[in-house]
Amino acid sequence: MQTRTIGIIITVVGIIMLLYNSFNYVTTEKVVDLGPIQINKEVNHPLEWSPIVGVVLAVVGVVLIVTNEKKNA
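Sequential numbering from 5 applies to the sequence shown in our numbering.
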């Protein structure tokens, strides 16, 4: 893969991480299982990260793009 392509991908991921700094996913856990009777509960699992991570990724991506442009010039 070219450095420019990797830089663009990292920049886009960084911007997305800035816009969305957390998300949840839900799993179902079985609480009670008594023959035909089942009781389940949904459990939220939040994933959070600092916006600083998004800024760092965006800056690294831009640096990769710029350094690739300087090499090709």
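Just so it is clear, CB atoms sit at the ideal spot from N, CA and C, and this is done for glycine as well.
Residue i, DSSP secondary structure in three states
i: proline 55; result: helix
i: asparagine 72; result: helix
Selected residue, minimal CA-CA separation from residue i, among the options
i: isoleucine 43; options: Val35, Pro50 and Asn25; result: Val35
i: serine 54; options: Ile20, Pro40, Glu33 and Arg8; result: Ile20
i: proline 50; options: Leu68, Val17, Arg8 and Tyr24; result: Tyr24
i: glutamate 46; options: Thr31, Asp37, Glu52 and Pro40; result: Thr31
Bounding residues of the beta strand (DSSP E) (the contiguous stretch that carries residue i)
i: asparagine 28; result: 26-38
For residue j and residue i, the rounded distance between their alpha carbons
i: isoleucine 12; j: valine 70; result: 11 Å
i: threonine 4; j: glutamate 33; result: Nothing can be reported for residue 4, as the shown portion of the chain is limited to 5 through 77.
i: glycine 18; j: valine 66; result: 10 Å
Buried/exposed call for residue i, threshold 16 Cβ in 10 Å
i: glycine 58; result: buried
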